[in-house]
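K.L.:
Protein chains in written order, with my numbering: chain W, 35 to 524; chain Z, 163 to 312.
Positions of the beta carbon are idealized from the N, C-alpha and C atoms, including for glycine.
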């Protein structure tokens, strides 16, 4: 109790509040620009925090993480290019909402439900971190493999394409693309054909920018000028009434739970959580055909999930001292830089840091709300710029954002290649969401495939030996069957 | 719609075969997972093509719908994607050769011109102002090392 009070007193210190505010602003601006990631922002800021008090340093970094997770939705909604990987799924319904004259409402929904999702996962972090961490540790390779298969099959069977077969082909293409580069087991190069640019595989951010940003510019180039004018996005009304928000409560709860669970498990992350939540919202909806065409519930689902991942992704780090994703790995580095020990020792030896961090997450999510709406409105002034100039600016941002990831011209070529691929895939009505998910989950699926084979000595039925795997695979089959029934009916 | 199924089937079959062929040159362990996935892609492609062939045999006029689609497609219009493609590739090549200051305003200006904006004075001002802003963000704040000039 005393430690909790120390954390509360620390968070309301003036300098701490200033750094919290600064962190939220940095996260919002960086996250909103396509190509710039939260990882990048935190990595740049960690050395700057070296001279700060550890509590203040982590308040600053966690504020960047919380606001960065949400800010990607701003560009995703307004210009159809996800600012961060986690906002890829928000593009599916967020940008169509903007094209339908509801950009303001889409931003408002994204902001409100990001705030609530973040608060929900912070509360879970506070009360249930050790228990969640213990449960996550019990999952083995066959469970992770089954989880990957479940994720890809589920999203493939309810993708924007009317054909389940095409959705599955898209998921499999994503998995295949993820095998390009060095093999995770032996380190041998696969399918690189001597090209050192892709020796590490296809970098995710240039792929996303290519598929969503550059791909949309290519599609726009085929439209007549009169058609492009119709693509102009209007801000429109911004606010929802309380009644209007409450009808999305169930979707918010379901998506937050998905985000919290997937955030705790090392691997899947915010992208997988947002896609799965979107998929589940579509399945449970009375109007699934509206998803992908500007359905507000789609934005609620994705944003609740991807911010719910934030708090729970720190659970393995805080409870066990093991980073669960790339951002918590950066936090681990920051903890070590400040001479702190992650895991249970953090709360035992330096409780003021641990509890301050949790209260910082809570406050950061609350502050992020109004600031996010202001920043979103600021970005929306770009909408008044003629579409032709916007395309030029977007192309420049795509190229520079891509280049800034690894300072590699090769990444620009990857962006161009995936832009062309995205254009051709649209022509064939192959959906992009399963490809993205396959690409992200591919390394996890492959690694656990090999581990499970080793553990169970090549026994093909190994996946049926564990109850969680059985449940996940049955859910995948049910998902496939219901997807086939839906496409047959339509 | 059938032309889409045919193209999906052909792409899947060829991609699956391509990856299967190249994974045969790898060692067993690194090749195992890609082989499974490529094999799955090949099978799914065969299923799609198989459906198309069975519809064709029923006389559903699928081939004729594909030929109609090919004839109706305005291939010249489809070439409209080439200019932005060329611009992006040129920018990738020129950024490190002639520098940020020249290549970025050119990219923004030429792209906007291609998309129909004809007020050159405003275009030049916007291109340069945007380039300055982008330099402040990427070059100064994020320290991305790209050359300013030659």
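Kindly say whether residue 309(Z), judged by its beta-carbon, lies nearer than 8 Å to any beta-carbon of chain W.
P.N.:
Answer no: the Cβ-Cβ gap between residue 309(Z) and chain W never drops below 8 Å.
K.L.:
Report the start-end ranges of each alpha helix (DSSP H) in the region 432-494 of chain W that is 4 residues or longer and not cut off at the edges.
P.N.:
DSSP runs (the alpha helix (DSSP H)) wholly in the region 432-494 of chain W: 443-461 and 467-489.
K.L.:
Measure from the alpha carbon of residue 429(W) to the alpha carbon of each residue in 289(W), 297(W) and 251(W), then state which is nearest.
P.N.:
Nearest C-alpha to residue 429(W): 251(W).
K.L.:
Thinking C-alpha only, which one of 40(W), 452(W) and 241(W) is nearest residue 119(W)?
P.N.:
With distances taken between Cα atoms, residue 119(W) lies closest to 241(W).
K.L.:
Would the beta-carbon of residue 112(W) fall within 8 Å of that of residue 199(Z)?
P.N.:
Not closer than 8 Å, so no.
K.L.:
Residues in its own chain within less than 6 Å of residue 436(W) by CB, not counting five upstream and five downstream?
P.N.:
The answer, listed in chain order, is 69, 240, 243, 445, 446 and 449.
K.L.:
Give a yes or no on whether 8 Å exceeds the smallest Cβ distance from residue 183(Z) to chain W.
P.N.:
Judged by the 8 Å Cβ criterion, residue 183(Z) is not in contact with chain W.
K.L.:
Along the chain, where does the alpha helix (DSSP H) that runs through residue 513(W) open and close?
P.N.:
Residues 501-523.
K.L.:
Do residue 266(Z) and residue 293(Z) have their C-beta atoms within less than 8 Å of each other?
P.N.:
It is a contact, given that the beta carbons lie within the stated cut-off.
K.L.:
Excluding the 5 residues preceding and the 5 following residue 264(W) in the sequence, name in chain order all residues of the same chain whose CB lies nearer than 6 Å to its CB.
P.N.:
With a pLDDT of 48 at residue 264(W), under the threshold of 50, the modelled position of that residue is not reliable, and the figure given next carries that caveat. Result list for residue 264(W): empty, nothing under 6 Å.
K.L.:
May I ask you to report which of helix, strand or coil DSSP gives residue 188(Z)?
P.N.:
Note: residue 188(Z) maps to coil in three-state DSSP.
K.L.:
Could you have a look at residue 176(Z) and say whether DSSP puts it in helix, strand or coil?
P.N.:
Residue 176(Z): helix per DSSP, three-state reduction.
K.L.:
Within this structure, are the beta carbons of residue 151(W) and residue 293(W) separated by less than 8 Å?
P.N.:
It is a contact, given that the beta carbons lie within the stated cut-off.
K.L.:
Check distances from the C-beta atoms of the region 223-255 of chain W to those of chain Z and list, in chain order, the residues that come in under 7 Å.
P.N.:
Under the 7 Å Cβ criterion, the region 223-255 of chain W contributes 224, 225, 248, 251, 252 and 255.
K.L.:
Name the chain Z residues that come within less than 9 Å of residue 61(W), Cβ to Cβ?
P.N.:
The contacting residues do not exist; residue 61(W) stays about 14 Å from chain Z at best.
K.L.:
By a C-beta neighbour count over all protein chains shown, 10 Å radius and 16 as the cutoff for buried, is residue 180(W) buried or exposed?
P.N.:
Buried.
K.L.:
Let's test the definition: count the other Cβ atoms within 10 Å of the Cβ of residue 234(W) and tell me whether it reaches 16, buried, or not, exposed.
P.N.:
So residue 234(W) ends up on the exposed side.
K.L.:
Less than 7 Å between C-beta atoms, sequence neighbours within five positions excluded: which residues of the same chain meet that for residue 129(W)?
P.N.:
Cβ within range, chain order: 110, 111 and 114.
K.L.:
With residue 242(Z) and residue 256(W) assumed to form a contact (beta carbons below 8 Å), what rounded beta-carbon distance in angstroms separates them?
P.N.:
Yes, they are in contact, since the Cβ atoms of residue 242(Z) and residue 256(W) sit about 5 Å apart, within 8 Å.
K.L.:
Please report how far the alpha carbon of residue 214(Z) lies from the alpha carbon of residue 204(Z), in whole angstroms.
P.N.:
The alpha-carbon atoms of residue 214(Z) and residue 204(Z) are separated by roughly 15 Å.
K.L.:
Contact defined as beta carbons within less than 8 Å: I believe residue 471(W) pairs with residue 309(W). What is the distance between those atoms, to the nearest angstrom?
P.N.:
Correct: roughly 5 Å between the Cβ atoms.
K.L.:
In the DSSP assignment, the alpha helix (DSSP H) including residue 127(W) goes from what residue to what residue?
P.N.:
Taken as a continuous stretch (DSSP letters only), the alpha helix (DSSP H) holding residue 127(W) covers 122-131.
K.L.:
Could you say which of 479(W), 386(W) and 453(W) lies nearest to residue 37(W) if we only look at CA atoms?
P.N.:
Of the candidates 479(W), 386(W) and 453(W), the one whose C-alpha sits nearest the C-alpha of residue 37(W) is 386(W).
K.L.:
Work out the CA separation of residue 432(W) and residue 167(Z) for me, nearest whole Å.
P.N.:
Going by the C-alpha atoms only, they are around 32 Å apart.
K.L.:
Count Cβ pairs between the region 321-332 of chain W and the region 347-361 of chain W that sit closer than 8 Å; are there 3 or more?
P.N.:
Short answer: they don't touch.
K.L.:
Can you confirm whether the region 404-414 of chain W touches the region 87-96 of chain W when touching is taken to mean that 3 or more C-beta pairs between the two stretches lie within less than 8 Å?
P.N.:
No, the region 87-96 of chain W is not in contact with the region 404-414 of chain W.
K.L.:
Look at the Cβ atom of residue 275(W), then the Cβ atom of residue 338(W), and state whether they are nearer than 8 Å.
P.N.:
No, the Cβ-Cβ distance between residue 275(W) and residue 338(W) is not below 8 Å.
K.L.:
Quick one: list the residues of chain W neighbouring residue 242(Z), beta-carbon separation under 9 Å, in chain order.
P.N.:
Going along chain W in sequence order, the residues near residue 242(Z) (Cβ under 9 Å) are 252, 255, 256 and 257.
K.L.:
Ends of the alpha helix (DSSP H) at residue 266(Z)?
P.N.:
Residues 262-276.
K.L.:
Return the chain-ordered list of same chain residues with a C-beta closer than 8 Å to the C-beta of residue 238(W), the five sequence neighbours on each side being excluded.
P.N.:
For residue 238(W), where only same-chain residues beyond five positions count, the Cβ hits under 8 Å are 119, 473 and 474.
K.L.:
Classify residue 196(Z) as buried or exposed, calling it buried when 16 or more other Cβ atoms lie within 10 Å of its own Cβ.
P.N.:
Burial call: buried.
K.L.:
Less than 8 Å between the C-beta atoms of residue 276(Z) and residue 308(Z), yes or no?
P.N.:
No; because the gap between Cβ atoms is not below 8 Å, this pair is not in contact.
K.L.:
Express the C-alpha separation of residue 204(W) and residue 466(W) in angstroms, rounding to a whole number.
P.N.:
Cα to Cα, residue 466(W) sits roughly 7 Å from residue 204(W).
K.L.:
Restricting to runs no shorter than 4 residues, where is the alpha helix (DSSP H) found entirely within the region 45-88 of chain W?
P.N.:
Segments of the alpha helix (DSSP H) lying fully in the region 45-88 of chain W: 48-66 and 72-82.
K.L.:
At the level of alpha carbons, what is the spacing between residue 254(Z) and residue 443(W)?
P.N.:
The straight-line gap from Cα to Cα measures roughly 6 Å.
K.L.:
Who does residue 215(W) pair with in a DSSP beta bridge?
P.N.:
224(W), per the DSSP bridge assignment.
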